[in-house]
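J.: Mapping the sequence shown onto the UniProt record's numbering, position 220 (from 1) lands on 220, and the numbers just tick up by one. Please find one structure pasted underneath; my questions will follow.
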Amino acid sequence: MFELAWPWLFALAPLPWLARLLLPAADSGEPVLKVGFLDELEGLAGRRARLNLPTWRQQAPFVLIWLLLLLAAARPQWLGDPVPVSASGRDLLVAVDVSGSMDFPDMQWQNDEISRLDLVKALMGDFLQDRQGDRVGLILFGSQAYLQAPLTFDRRTVRTFLDEAQIGIAGKNTAIGDAIGLAVKRLRQRPAQSRVLILITDGANNGGQIHPLTAARLAAQEGVRIYAIGIGANPEASGTPGLLGLNPSLDLDEASLKEIADITHGAYFRAHDGAELNAIGDTLDQLEPVAQQPTQARTAKELYAWPLALALLLSVLLVVAVQWPDNLLQRLLRKPRFLQPHPEWRQRLKRLRLRRRR
């Protein structure tokens, strides 16, 4: 089905004529011949003189170019048949801590020691990409919280943004309350029974403007369920010392994360290694979806290139006609000489007309 996305642009069609009426005439810079006996010439000719305006045939190419430009700007589209889009109903935001402690390499995955953030990228990336029918989004937080990807069905792009996350990109501190507040702001516009936030951190709140428990109570009022994941190896089991010999896992505030989950009717999980985090992802995958209204989408093929190309072609032809008037195209468009009336036949036709009038 053919459709114009912005048909109101055709309201600009009279713009060139309005500009001609309202704006002063441009000065060509060439001398103008003023005839002092114009009245006598009009009397001899039997008609009044008029400005040598272009005829409608001369104006037609410019009108056609202007209309083609308006058609291209109106975004002509060919819409395909409606295609149903599967939607389970979950609107899921993942808030990932990217503070400095997430760079600590104390996590085990496939017999290798990797950093906490790398483990989150590997496992939560798969978790996000497998969310068929869910809208997913990504929040990165450190000293401040930033919406890296809004809620969307494009799970591959969200995973790409997660893979590109860098330590310290949002600051060195941990603003858990700001991350929850930003998630509530984004989820409150979605259906009440489908709002889910997965909060992944390895520390305690030591930055931001909102206290985590205050943000959790606000989330509970808006119907946002928070599933908090505390990540980091056991301090006793980890053999990798941190800065000044201290293990960052000691900073994990599990009590606050558990309270946040309880307030919002969610759950708290502890991930000591890659296997546990993977199991947590499987548990989260069992969340019951909430049915929403079915959505439909249509494939749209943009057609603006065709009128735009035609307008460009006509413009080039006009330039060629002005700069090189005796070109091959002009010669081909001229009438052949054998089709043009002979001057003697014109005189005979005039005489016949005069005889009939008499």
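We put the beta carbon where it would ideally sit given N, CA and C, even for glycine.
Which residues does DSSP list as the beta-bridge partners of Arg270?
T.: Taking the sequence shown and counting its residues from 1, the one referred to as residue 270 is at position 270. According to DSSP, which records beta bridges pairwise, Arg270 is partnered with Gly230.
J.: State the start and end residues of the unbroken alpha helix (DSSP H) segment that holds Lys121.
T.: Taking the sequence shown and counting its residues from 1, one reaches residue 121 at position 121. Run containing Lys121: 116 to 129, per the alpha helix (DSSP H) assignment.
J.: Name, in chain order, the residues that DSSP records as bridge partners for Phe141.
T.: One-based indexing of the sequence shown puts residue 141 at position 141. Paired residue(s): Asp97, Ala145.
J.: Using the Cβ count rule (16 or more neighbours within 10 Å means buried), how would you classify Asp126?
T.: One-based indexing of the sequence shown puts residue 126 at position 126. Flag for Asp126 reads exposed.
J.: Take Thr174 as the anchor and find which of Gly208, Tyr304, Ala192 has the nearest alpha-carbon.
T.: Counting from one through the sequence shown, the residue named residue 174 turns up at place 174. Per the Cα distances, Gly208.
J.: Just reading off the alpha helix (DSSP H) that Arg159 is part of, what are its end residues?
T.: Counting from one through the sequence shown, the residue named residue 159 turns up at place 159. 155 to 163 is the span of the alpha helix (DSSP H), which, as asked, contains Arg159.
J.: Determine whether the beta carbon atoms of Gln144 and Asp178 lie at a separation below 8 angstroms.
T.: For this step, residue 144 is matched to residue 144 along the sequence shown. For this step, residue 178 is matched to residue 178 along the sequence shown. Yes, Cβ-Cβ distance for Gln144 and Asp178 is below 8 angstroms.
J.: Around the C-beta of Phe2, are 16 or more other C-beta atoms found within 10 angstroms, so that it is buried, or is it exposed?
T.: Numbered from 1 along the sequence shown, position 2 holds the residue referred to as residue 2. Phe2 should be labelled exposed.
J.: Rounded to whole angstroms, how far is the Cβ of Ser115 from the Cβ of Asp103, which I believe are closer than 8 angstroms?
T.: Within the sequence shown, numbered from 1, the residue matching residue 115 stands at position 115. Within the sequence shown, numbered from 1, the residue matching residue 103 stands at position 103. Right, their Cβ atoms sit about 5 angstroms apart.
J.: Run through DSSP, which three-state label would Arg20 get?
T.: Translated into positions along the sequence shown, residue 20 becomes position 20. DSSP places Arg20 in helix when its eight states are reduced to three.
J.: Short of 7 angstroms in beta carbon distance, which residues of its chain neighbour Ala300, apart from the five on each side in sequence? Order them along the chain.
T.: Position 300 of the sequence shown, counted from the first residue, corresponds to residue 300. Here the set comprises Gln77, Leu79.
J.: Check the C-beta distance from Gly199 over to Ala170 and give it rounded, since I have them as a contact under 8 angstroms.
T.: Working through the sequence shown from its first residue, we reach residue 199 at position 199. Working through the sequence shown from its first residue, we reach residue 170 at position 170. With the sequence shown as reference, residue 199 is identified as Leu, and Gly is not the correct amino acid for it. About 14 angstroms; that fails the 8 angstroms criterion.
J.: Locate the alpha helix (DSSP H) running through Glu254, then write down its first and last residues.
T.: Taking the sequence shown and counting its residues from 1, one reaches residue 254 at position 254. Segment 254 to 263, the alpha helix (DSSP H) holding Glu254.
J.: Using only alpha-carbon positions, find the residue among Leu70, Leu21, Pro150 that is nearest to Trp6.
T.: Here residue 6 refers to the residue found at position 6 when the sequence shown is read from its first residue. The shortest Cα separation from Trp6 among Leu70, Leu21, Pro150 belongs to Leu70.
J.: What does the alpha-carbon distance come out to for the pair Asp202 and Gly137?
T.: Counted from its first residue, the sequence shown places residue 202 at position 202. Counted from its first residue, the sequence shown places residue 137 at position 137. Cα-Cα distance, rounded: 20 angstroms.
J.: Between the Cα of Pro150 and those of Val94, Val322, Asp118, Met124, spot the shortest distance and give me the residue it belongs to.
T.: In the sequence shown, the residue the question calls residue 150 occupies position 150. Closest option to Pro150, Cα to Cα, is Val94.
J.: Cutting at 6 angstroms between CB atoms, please list the residues of its own chain near Gly230, excluding the five before and the five after it.
T.: Counting from 1 along the sequence shown, the entry for residue 230 is found at position 230. Same-chain partners within the cutoff: Leu252, Glu254, Leu257, Arg270.
J.: Using CA coordinates, which residue listed in Leu284, Ile180, Ile263 is at the minimum distance from Val96?
T.: As a position in the sequence shown, residue 96 is number 96, starting the count at 1. Per the Cα distances, Ile180.
J.: With Ile176 as the anchor, note down where its alpha helix (DSSP H) starts and where it stops.
T.: Counting from 1 along the sequence shown, the entry for residue 176 is found at position 176. First-last of the alpha helix (DSSP H) with Ile176: 176 to 187.
J.: Rounding to the nearest angstrom, what Cα-Cα distance links Phe10 and Ala311 in this structure?
T.: As a first step, residue 10 must be located in the sequence shown, where it is residue number 10. As a first step, residue 311 must be located in the sequence shown, where it is residue number 311. Straight-line Cα distance between these residues: approximately 16 angstroms.
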